[in-house]
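When you line the sequence shown up against the numbering used here, it's residues 2 to 210, in that order. Here is the structure we will look at, set down as C-alpha cells.
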Amino acid sequence: MKFGGFQPFTLSDYPGRAAAIVFAQGCNFRCPFCHNGPLLPMMVQEECLVPEETVLEHLKRRRGRLEGLVVSGGEPTLQAALPGFLRQVKRLEYQVKLDTNGSRPEMLALLLRDGLVDFVAMDVKAPPEKYGLLCGGMAPMAEVGESMTLLVRSGVPHLFRTTVVPGLLGDYDLAVLAGIIPKDSPHILQEFHPEHALDPAACLTAQSA
2 MKFGGFQPFT LSDYPGRAAA IVFAQGCNFR CPFCHNGPLL PMMVQEECLV PEETVLEHLK
62 RRRGRLEGLV VSGGEPTLQA ALPGFLRQVK RLEYQVKLDT NGSRPEMLAL LLRDGLVDFV
122 AMDVKAPPEK YGLLCGGMAP MAEVGESMTL LVRSGVPHLF RTTVVPGLLG DYDLAVLAGI
182 IPKDSPHILQ EFHPEHALDP AACLTAQSA
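In C-alpha cells, the structure reads:
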C-alpha cells in the first residue's frame, strides 16, 4: 500500500485500545475543511511514502504492547492492496479499525465479509443536498448509503461521524442527518479546527456569512 504517514502509538484513535495508525495516500474527496491536505494526491514522490514493511516490522516488534492498528487517510478503500495488507496485520493478531468516507462499498463489503476489520468509523459529511459542497465534488450518495447499510447489517462495531463547520452545516442540517443515520448506530459530531483546513478561505467565508 501507499502510506503518506505513520504514527507508532495512539490512545485516542481506536476506542479502548492502544494502537498505531497509518495514513493511506490518496483521496477521492476534496473537503474544504480537511486537515490532511498532503494525503490527498495519489501520486507523490516515493521518498514521501512510508514503506509498508516499516509498518509491519513495527507491529511485529510491538506485539503484546499494542492491541490495534488504525488505517486512516486519505481514503484507504481506494487502494486495491488494502485487503492483502490487512491480512498480514490480522496474521499478527492485531485488531483493525478502518476510517473511511464510505464511497467504495464494494471494497468495504469485501473487508467485512473476510473479517479484516474489527471497527469502522465512517464519515457522513452532510445531508444529501449539501454533500457535493462538503466533499468538494460530485456527491456519491448511493455509495454512501450502501456503505451505511453494509455496516449496520454486518454486526461489526462502527460509528458515523460528522465534522460541524459553522456556516456550512447548521442545526437544520444536523436534524436531517439525525434522521438519516441508523438509529442504533453512534453518531459523533466533530469540532472543526480551521488551522490546517484544505480551503480555509471557503471555511472562513462560510463562518462569516
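From the three backbone atoms N, C-alpha and C, an ideal C-beta is built for every residue, glycine too. Fair warning: this is a prediction, and the values are worked out from it, not measured in the lab.
Asked: Residue interval of the alpha helix (DSSP H) (run including K91); Found: 83-92
Asked: Proximity of M2 and A122 at Cβ, strictly below 8 angstroms; Found: no
Asked: Any beta strand (DSSP E) of 3 or more consecutive residues that is wholly inside the segment 134-200; Found: 159-165, 188-192
Asked: Pairwise C-alpha distance: I22 and E47; Found: 20 angstroms
Asked: Contacting residues, own chain, Cβ-Cβ under 7 angstroms from N29 (five flanking each side not counted); Found: E76, L79, S104
Asked: T11: first and last residue of the uninterrupted beta strand (DSSP E) it sits in; Found: 4-11
Asked: Best match in P16, R64, L12 for proximity to D119 [C-alpha to C-alpha]; Found: P16
Asked: Cα-Cα separation between G5 and F86, rounded to whole angstroms; Found: 15 angstroms
Asked: Beta-ladder partner(s) of S73, from DSSP; Found: F24
Asked: Separation of R88 from D115, as counted between CA atoms; Found: 9 angstroms
Asked: Exposure label - F24; buried when at least 16 CB within 10 Å; Found: buried
Asked: Residues near L41 in its chain [Cβ-Cβ closer than 6 angstroms; skip 5 each side]; Found: C28
Asked: Reference M139; option with closest CA among N37, L190, A179, R31; Found: R31
Asked: Nearest candidate by alpha-carbon position, reference L50, set P167, R63, G74; Found: G74
Asked: Per-residue burial, S148 [other beta carbons within 10 Å of its own, 16 or more giving buried]; Found: buried
Asked: Secondary structure of V56, DSSP reduced to three states; Found: helix
Asked: Candidates L99, P183, L169: closest to T150 by CA position; Found: P183
Asked: Rounded distance between the beta-carbons of D174 and P128, thought under 8 angstroms; Found: 5 angstroms
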